[in-house]
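Have a look at the structure below before the remarks.
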DNA sequence: AATGAATGAGTATTCATTCAT
DNA sequence: AATGAATGAATACTCATTCAT
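Residue numbers (the numbering used here), protein chains in the order written: chain A, 1 to 208; chain B, 1 to 208; chain C, 1 to 208; chain D, 1 to 208.
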């Protein structure tokens, strides 16, 4: 059932996926019944099992890396292309690109990401492929960028993993706050403050 | 790990709680059956319902304000006292205290915290009391400390909420990485790097 | 005995209804388990709940206004038409018609009536609609007949409600005795005695 | 547990009986849980089973003929004494005595009678002894009275059973109406109308 | 006599899944 | 592809009853 380019999906099939995403995100996978999905999708319960052998396969089809490429095109391909393959004059410029790219991605894929974050803890099948995607695609690219600017003297000579961690924590914290806690705040402003904070914290000058 | 006046609990009652905590943490609340808890605890299924009217009440008793009386001393009372009412010579000193205090707390209450973090998204009963605890007890105290050191010229003149966010993001990211991703790393070392990063990032000097 | 548009019911559905009627009548609603009904009907327990959301809905579907559409033609519609709208030359003629009509009805719907009589005391949902049916449909029609024959001088000038009560008590007592206590007796003979008794008791001549 | 003269019952024991009577009457035997009785009685659940081996024994102790003598002293002994052993100048006088005696009895023992009427249909143990009580004690006495007044020419020469049936139906209908349907009506007045009706209906004069 | 914790069988109901149509 | 009736195992929860205290 993977490789389901949205165009190829029948009306009912699409409705099932939409209903499943909505309900899994809202109540969690285990607390969602196939009956509920069928009702919300306006199809017979049996129809779900025409398309997916099991309820779990439906979950996988929503949150699996294979699907992710289509449902979340940014994740691997464009994320790499847009973010890592660009040429940046400074880490600051890179950060800005990274942050906006991720912010947009989260905004557009919120329910699926929520499902993923909730369920990754309970389904071992999820953990490996995504962890690998991170370790083998994103982390090396990220490291390259960090090392590049460390060599240019822009960043502290900390282990790249540590710098990456500070970067991700700070940006994730900013996005998270904006989305969950304080939607009123001006995201651009907060993001610029975060970038300033990061650049100062990672600047080898003052102390390091 | 301790959650009710454990001394008053009967052997079986304690076993039920232990089994529930273990299983909820491992598989999630919705995916855990009372039958499973009973078996793991070595009691009859009915016994669970002598102590808790519903499965949800069992969850609440593990992760609720009632439990919070014993969990929260760290979170609110002693956290406030130890951390906020201590006199600190610098934000750095405060950060160090904060980080170790939180790290110890997480280490000791890991399964319950995991359950809480997983379930808070799905049970509205959880959201309000803890959000209020944060907003009304922890945030004001934290703000006081930040303002104090801003006035001493140690911290950037950003909104306190923003500084708090950077602080929590960085420390949480460090603890999270250590516990989930790379348990081999030397936590002290990582923490000191994080504190340096924070102090540099928040120092009003370099850029202002 | 017939209770829903039986033709539209599937084989299994019909079996469920039959089993439920039989068991509710025999043991009472509360003492009957859905497991028992399923076994007697030769279906899986889940099948019952495909057709009825709850056990109570099953009870209601047997003895409720919905069912009443099919049961009530006797009780209300055809009872009214046959019995009240017929033209009678005497109250005696009317009584005879009434008694046979009721007797036939009871004979044909005995188990459902037994369930109803047993359960009406415990389920408020039952009380109102049937009480209203009696008060708003049957009682006014009955009153009309009584007043008609009072005006003709055939009946005592008692309040119509009182005359109706004597009539119903006597006929009900006769039917009840025949069905429950002494099935050997000749119903026709007993009924004629009851009618004589009623006519004498209600005759304005002797005393009234 | 039978022969429990109320004086000998301990406080808790009495409370259990009261709670059981109240709840059985209200919800029916099968729908009442021992837990509920215990709570209402203010005792521990185990205490009920100190006094009664099973829930059914508790029911029997409330509605069994043995208890009936004490709980419902009228039923056998006084009923016979008061009603049947009296000397009456007319059937009318007897009817009046009978009706008031029964009315008082029902008023005073209403909940237990309700339980009995509800449960007699489902518990065969109940049926025989009470049926026998009726057939062997009440019916023969009643028959004697009827035959006595038939011989005096006051009553139609119908089978005594038939006359008894008319008598009971009419009086029961009057009492039932008063208690369940129209509590506003003047019972004395209704009863006198019923007696007139009965006397006219049973009078051998008019038709013979 | 009284308790109340404990039980295991039982309860109504829900579930993911199957299959004939 | 789609249905929806049917299933049997599982679910949370209740029950009457037991028993050590």
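Idealized CB from N, CA, C, for every residue including glycine.
Of the candidates B:121, B:196 and B:44, the residue whose Cα lies closest to the Cα of residue 31 of chain A is B:121. Counting of Cβ neighbours within 10 angstroms places residue 118 of chain A among the buried residues, the total reaching 16 or more. For residue 162 of chain D, the three-state secondary structure derived from DSSP is helix.
Taken through DSSP and simplified to helix, strand or coil, residue 204 of chain C comes out as coil. Nearest in C-alpha terms to residue 132 of chain D, of all of C:195, C:125 and C:181, is C:181. With respect to the 8 Å criterion, residue 157 of chain C and residue 111 of chain C are not classified as neighbours on the basis of their beta carbons. Taking a C-beta distance under 8 Å as the contact criterion, residue 44 of chain C and residue 19 of chain C do not qualify as a contact pair. Contact annotation for residue 40 of chain A against chain B: no contact, minimum CB-CB distance about 17 Å [criterion: below 8 Å].
For residue 113 of chain C, same chain residues with a beta-carbon under 8 Å away, outside a window of 5 residues either side, are 106 in chain order. For residue 138 of chain A, no alpha helix (DSSP H) encloses it, and the DSSP letter there is neither H nor E. In the same chain as residue 190 of chain A, and ignoring 5 residues on each side of it, the C-beta atoms closer than 8 Å to its own belong to 174, 177 and 178, in chain order. Counting C-beta atoms within 10 angstroms of its own C-beta, residue 153 of chain B has fewer than 16 neighbours from the protein chains shown and is therefore classed as exposed.
Here DSSP, grouped into helix, strand and coil, assigns residue 25 of chain C to helix. If you draw a straight line from the Cα of residue 95 of chain C to the Cα of residue 38 of chain A, it comes to about 57 Å. With distances taken between CA atoms, residue 124 of chain D lies nearest to D:64 out of D:141, D:150, D:64 and D:151.
Annotation for residue 21 of chain D: 62, 111, 112 and 115 place their beta carbon closer than 8 Å to its own, counting only its chain and skipping 5 residues before and after. Against residue 186 of chain A, chain B offers no close residue; the least beta-carbon distance is about 11 Å (beta-carbon pairs closer than 8 Å). If you look at residue 108 of chain B, you'll find it in the alpha helix (DSSP H) that goes 91-108. Note on residue 28 of chain B: 16 or more other CB atoms within 10 angstroms of its CB, so buried under the neighbour-count rule.
Cα atoms of residue 97 of chain C and residue 144 of chain C: separation of roughly 16 Å, rounded to the nearest angstrom. In the structure shown, residue 169 of chain D falls within a helical segment according to DSSP collapsed to helix, strand and coil. 165, 166, 168, 169, 170, 171, 172, 173, 174 and 176: these are the residues of the stretch 165-176 of chain A whose beta carbon lies less than 9 Å from some beta carbon of chain B, given in chain order. Where residue 46 of chain A is concerned, the enclosing alpha helix (DSSP H) starts and stops at 45-51.
The Cβ neighbour count for residue 184 of chain A, taken over all protein chains shown within 10 Å, is under 16; the residue is labelled exposed.
At a cut-off of 8 Å between beta carbons, residue 190 of chain B contacts chain A. Taking the C-beta atoms as reference points, residue 197 of chain B is found nearer than 8 Å to residue 170 of chain B. A:188 is the residue among A:54, A:188, A:49 and A:200 whose C-alpha sits nearest the C-alpha of residue 101 of chain A. Cβ-Cβ distances below 7 Å link residue 36 of chain B to 23 in the same chain, with the five nearest sequence neighbours on each side left out; the list follows chain order. Going by DSSP, residue 130 of chain A is part of the alpha helix (DSSP H) stretching over 124-132.
Residues of the stretch 100-120 of chain B with a C-beta less than 7 Å from any C-beta of chain A: 118, listed in chain order. Straight-line measurement puts the Cα of residue 91 of chain D at about 15 Å from the Cα of residue 165 of chain D. When DSSP states are grouped into helix, strand and coil, residue 87 of chain B belongs to the coil group. The Cβ of residue 34 of chain A sits no closer than 8 Å to any Cβ of chain B. Contact of residue 27 of chain C with chain D by beta-carbon distance below 7 Å involves 122. Cβ-Cβ separation between residue 146 of chain C and residue 155 of chain C: approximately 6 Å, consistent with a contact (criterion under 8 Å).
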